[in-house]
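Note sheet for the following structure.
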Amino acid sequence: MAALERESSALTNRVTQVTYQGNYALTHATMPANADKELSDGEKAVDALTNEADAAAKTIRGMFDKFQTDLNALETQKMLERAQQSKIAWLPGEAVVGVVPAKWDRSGDDDAQGYLYLTDLRLVFEQDEEVATKKVFFIATEKKRVQQVALETQVDEIENTQASKRGVFGNEDHLDFTFGGSANVRSAHFHINGQDANEWQGMVQRVKTGGMESTRVTALSDAEKQRLKNGH
């Protein structure tokens with residue numbers, strides 16, 4: 028932010044200087060002998076300020092571009108670290124596209140907390156939470172950690188993804204999936220935390236249509252894609 032303040036301060040000073048030059052030019056331009064020169068000097072000052080403003084804008088954009096690049100790298104690192112901590116059996120060559128803390132809303136008190144993963148091949152929900160094993164007067168006195176794959180389906184089996192905003196202030200992100208094929212469930216509702224549901228909906232669609240293939244460092248052959256889908 029210090030660099031941004033320096034650019035802003037320098038540009039403000041130049042605006043003040045050019046304003047003074049402009050006022051001076053207008054005042055003295057009323058004198059025929061000085062009109063052409065003073066107006067020319069004023070135009071040059073304005074042109075110079077415009078160029079400096081453009082240069083400052085490029086510098087500031089560069090600052091934010093680097094910030095966005097660093098932020099994306101940090102998010103990718105966190106995503107990969109989370110994937111490494113999971114107990115999901117990743118397939119060789121499978122690429123994780125997204126991961127988000129989520130609650131799988133199921134019937135009754137059977138909700139599950141964990142992480143929702145999207146790869147270029149699968150949608151996987153891994154339950155990862157402490158659950159009560161003993162209660163006294165509805166208060167948990169003993170707990171155990173449960174970390175297990177609760178839902179797994181191929182991306183091709185996702186028939187529809189619907190994002191929605193819920194809650195009193197509309198600030199809760201939710202995802203509804205419907206599945207076909209050999210999926211072990213026909214629908215699932217997730218309340219995701221910390222990420223935008225609409226972005227996830229778009230991400231799922233891009234994976235389904237092959238739009239994420241261009242982000243691979245090494246492209247997969249058709250044979251490799253089929254091998255991964257078959258889990259071999």
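If you read the sequence shown in our numbering, its first letter stands for residue 28, the second for the next number, and so on. In this text, a Cβ means the ideal position worked out from N, Cα and C, and glycines have one as well.
Worksheet entry | Phe152 vs Leu143 beta-carbon contact at 7 Å | With respect to Leu143, Phe152 sits close: the two C-beta atoms are nearer than 7 Å.
Worksheet item: Which of the three DSSP states, helix, strand or coil, is assigned to Glu184?
Response: Glu184: helix per DSSP, three-state reduction.
Worksheet entry | Backbone CA spacing between Lys192 and Val127 [nearest angstrom] | When rounded, the separation of the alpha-carbon atoms in Lys192 and Val127 is 16 Å.
Worksheet item: Per the contact definition of three or more C-beta pairs closer than 8 Å, is the segment 185-199 in contact with the segment 211-229?
Response: In short, these stretches touch, since the Cβ pair count reaches three.
Discussion item. For Lys130 and His218, I'd like the C-alpha separation in whole angstroms.
Written reply: Going from the Cα of Lys130 to the Cα of His218 covers about 5 Å.
Worksheet item: Roughly how many angstroms separate the alpha carbons of Ala177 and Arg133, rounded to a whole number?
Response: Taking the CA atoms as reference points, Ala177 sits about 11 Å from Arg133.
Item to complete: Tell me whether Asp200 is buried or exposed, calling it buried when 16 or more other Cβ atoms sit within 10 Å of its Cβ.
Response: Burial call: buried.
Item to complete: Since I believe Ser214 is in contact with Glu184 (beta carbons under 8 Å), could you give me their beta-carbon distance rounded to a whole number of angstroms?
Response: At roughly 12 Å, the Cβ-Cβ gap does not stay under 8 Å, so Glu184 and Ser214 are not in contact.
Discussion item. Taking the alpha helix (DSSP H) that Lys235 belongs to, which residues open and close that run?
Written reply: Counted as a single uninterrupted DSSP element, the alpha helix (DSSP H) harbouring Lys235 occupies residues Ala224 to Lys235.
Worksheet item: Taking Cβ to Cβ, would you say Gln175 is nearer than 7 Å to Arg149?
Response: Cβ distance not < 7 Å, so Gln175 and Arg149 don't count as in contact.
Discussion item. Which same chain residues end up closer than 6 Å to Leu98 when comparing Cβ atoms and leaving out the 5 residues on each side of it in sequence?
Written reply: Because Leu98 sits at a pLDDT of 49, beneath the cut-off of 50, its placement in the model cannot be relied upon, and the point is left open.
Item to complete: Identify whether Lys114 lies in helix, strand or coil by the three-state DSSP scheme.
Response: In the structure shown, Lys114 falls within a coil segment according to DSSP collapsed to helix, strand and coil.
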